[in-house]
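In this note's numbering, the protein residues as written are 3 to 186.
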Ligand SMILES: [Fe+2]
Ligand SMILES: [Fe+2]
């Protein structure tokens, strides 16, 4: 009888959109924490790679699915645009980190600044009056969006090995920009 809790799941245990996105946030926060403590270069490299991959998938599913649904349902242009601008800043730094390695004197600094950027961004999404609470107050179908996010996430994670080897085709332009800026 204690099943009145607000639906966390849509269908077969798929989390709703906000539950899914928050779980992504907790995962990268954990990895950033491990990176901070890591001393071994291989471990740092592995964690940075995981963080960058996860953030690329996360920002992409938000931009493709969640953000447009949010804008449509709430009309909150300021919140939406700020979030996208923050994503763009993070993506540039992610591209730099991916082209870098623990041998680079600036590697730790880059990861640490990315961590701060993401911390700020997550606060904006999860905080009071932020995107997630506005979403909960709106008519958005969070269960359906959760299913869409999960499906797209699985698809992108499947592709992510290729994403490493080749420049993205038909994708966004973060990579080209970072190449130009490298050691500029
Ligand atoms: Fe997010
Ligand atoms: Fe975001």
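Every residue, glycine too, gets a C-beta built ideally from N, C-alpha and C.
Predicted model only: the values in this text are computed from it and were never measured.
- With a cutoff of 8 Å, residue 51 does not count as near ligand 2, since its C-beta is closer than that to no heavy atom of the ligand.
- The three-state secondary structure of residue 70, taken from DSSP, is helix.
- When Cβ pairs closer than 8 Å are counted between the two stretches, the stretch 135-148 is seen to touch the stretch 59-78, the count reaching three or more.
- Where residue 138 is concerned, the enclosing alpha helix (DSSP H) starts and stops at 133-138.
- For residue 62, the enclosing alpha helix (DSSP H) begins and ends at 43-63.
- At least one heavy atom of ligand 1 lies less than 8 Å from the C-beta of residue 64.
- Of the residues 113, 104 and 34, the one whose Cα lies closest to the Cα of residue 44 is 104.
- Between residue 39 and residue 113, the CB-CB gap reaches or exceeds 9 Å.
- With contacts defined as CB atoms closer than 9 Å, residue 88 and residue 60 fail to qualify as a contacting pair.
- Short note on residue 26: C-beta closer than 8 Å to some heavy atom of ligand 1.
- With a cutoff of 8 Å, residue 88 counts as near ligand 2, since its C-beta is closer than that to a heavy atom of the ligand.
- Distance from residue 63 to residue 133 at the Cβ level is roughly 14 Å; contact not present, criterion being Cβ atoms closer than 8 Å.
- Using a Cβ distance threshold of 9 Å, residue 147 and residue 116 do not count as a contacting pair.
- When the Cα atoms are used, residue 42 and residue 153 turn out to be separated by approximately 35 Å.
- Note that the C-beta distance between residue 29 and residue 50 is not below 9 Å.
- DSSP places residue 114 in the uninterrupted alpha helix (DSSP H) bounded by 109-128.
- Taking 9 Å as the cut-off, the beta carbon of residue 27 is found no closer than this to the beta carbon of residue 118.
- Straight-line spacing of the CA atoms in residue 161 and residue 109 works out to 26 Å.
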